[in-house]
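A.B. asks: My structure is below; once you've seen it, I'll send some questions.
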Amino acid sequence: MSEQPPIPEGLTTIRLAGVPEPFNLPWILALERRAFVRAKLEVKWHTVPQGTGEMCKMLREDQVDMAVLVTEGALRDMLMGSPTRIVTTLVDSPLTWGVHVGGVTTIKELTELRELPFAISRYNSGSHLMAMVYAKKNGRSLTDKDFIVVNDLAGAVEQAKSKHPALFLWEKSLTASYVDKGLFNRVDEITPDWPSFVVVAREAFLKDNSDAIARLMRVFRDQARGFNEKKSAVDIIAARYGMTAANAAEWKRTSKWNLDGTVDLNALVRVGDTLHQAGMLDEKPTHEVIARTLASLALSK
Numbered sequence: 015m016s017e018q019p020p021i022p023e024g025l026t027t028i029r030l031a032g033v034p035e036p037f038n039l040p041w042i043l044a045l046e047r048r049a050f051v052r053a054k055l056e057v058k059w060h061t062v063p064q065g066t067g068e069m070c071k072m073l074r075e076d077q078v079d080m081a082v083l084v085t086e087g088a089l090r091d092m093l094m095g096s097p098t099r100i101v102t103t104l105v106d107s108p109l110t111w112g113v114h115v116g117g118v119t120t121i122k123e124l125t126e127l128r129e130l131p132f133a134i135s136r137y138n139s140g141s142h143l144m145a146m147v148y149a150k151k152n153g154r155s156l157t158d159k160d161f162i163v164v165n166d167l168a169g170a171v172e173q174a175k176s177k178h179p180a181l182f183l184w185e186k187s188l189t190a191s192y193v194d195k196g197l198f199n200r201v202d203e204i205t206p207d208w209p210s211f212v213v214v215a216r217e218a219f220l221k222d223n224s225d226a227i228a229r230l231m232r233v234f235r236d237q238a239r240g241f242n243e244k245k246s247a248v249d250i251i252a253a254r255y256g257m258t259a260a261n262a263a264e265w266k267r268t269s270k271w272n273l274d275g276t277v278d279l280n281a282l283v284r285v286g287d288t289l290h291q292a293g294m295l296d297e298k299p300t301h302e303v304i305a306r307t308l309a310s311l312a313l314s315k
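Residue numbers (my numbering): 15 to 315.
Pasting the structure below:
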């Protein structure tokens, strides 16, 4: 493997975290192509398979400057006092969550799911928050005893092999291959009506680096536009993320990166309402409170 050329001096360093999923592919392509360096940025990418809950912790502990989080997890963490702000939406399309049980179980009907615990990656992760939303939708109230922390998708696969059934919510396209192999049975799905991912930054980092963040997002959007036009895009997604061509094509058809840098404030209000209804927020946040979660450079609509 050939050595990478040295990073030039005078670049702004940004520590950026995200899950190893195709939503974040434009970041990886930009790193491989040294597009960030050309924008006078040194991006240090952190892959965090544990998801949003773990990245919220990393942001609070100053381990990273920015992160790509599921929208509901990001918003709840801010409303609970995290010193972070939403910079922009990353993915405009909603996330369809598959509701799964292990392939070794005989459960097939929704009526059999009423008392099962939920396997989650972390508290305050997407899998945790959407489990709460899903339970509320089905007339069920959850407490801590109803959750099993499995860390990541690999941990959920191991839990699914046990004789103790649990429900597990994860992005539908990314679990499709596990369903095809019989490791999971998908018994239901839920699609919230809000954009799936946002980019957040620590307030302290935002204060002095708004221009660098704007350059960072321009690079991302340039890479996303270019990738959308590639005839080989589906094959690249399938190869990099272990998906079948059919599942990768479905993912690309239903997923839409944000290309104009805007944030749908009304959508965030819906997220706040849903989290409150599910018991994840003590008070229903007002429109004004939600608006304060946006960074000053965010373009709202």
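Every residue, glycine too, gets a C-beta built ideally from N, C-alpha and C.
(1) From which residue to which residue does the beta strand (DSSP E) around Arg216 run?
(2) Do Thr61 and Ala31 come within 9 angstroms of each other at the CB atom, strictly closer than that value?
(3) In angstroms, rounded to a whole number, what distance separates the CA positions of Val113 and Ala305?
(4) Going straight from the alpha carbon of Arg267 to that of Lys151, what length do you get?
(5) So Thr276 and Ser314 are supposed to be a Cβ contact under 8 angstroms. How far apart are they, rounded?
(6) Can you tell me whether Thr27 is helix, strand or coil according to DSSP?
(7) I need the straight-line Cα distance from Glu172 to Thr66, nearest angstrom please.
(8) Go to Phe50, then tell me how far its alpha helix (DSSP H) extends in each direction, as first and last residue.
(9) Between Asp202 and Leu124, what straight-line distance do the alpha-carbon atoms span, to the nearest angstrom?
(10) Consult DSSP for Thr300 and reduce its assignment to one of helix, strand or coil.
(11) Quick one: Cα of Glu185 to Cα of Trp271, how far?
(12) By Cβ distance, which residues of its chain are closer than 7 angstroms to Asp160, with the 5 residues on each side in sequence left out?
(13) Going by other Cβ atoms of all chains shown within 10 Å of its Cβ, with 16 needed for buried, is Val213 buried or exposed?
C.D. replies: This is what the structure gives:
(1) Phe211 to Arg216
(2) yes
(3) 31 angstroms
(4) 27 angstroms
(5) 7 angstroms
(6) strand
(7) 20 angstroms
(8) Ala49 to Arg52
(9) 8 angstroms
(10) coil
(11) 16 angstroms
(12) Pro131 and Phe132
(13) buried
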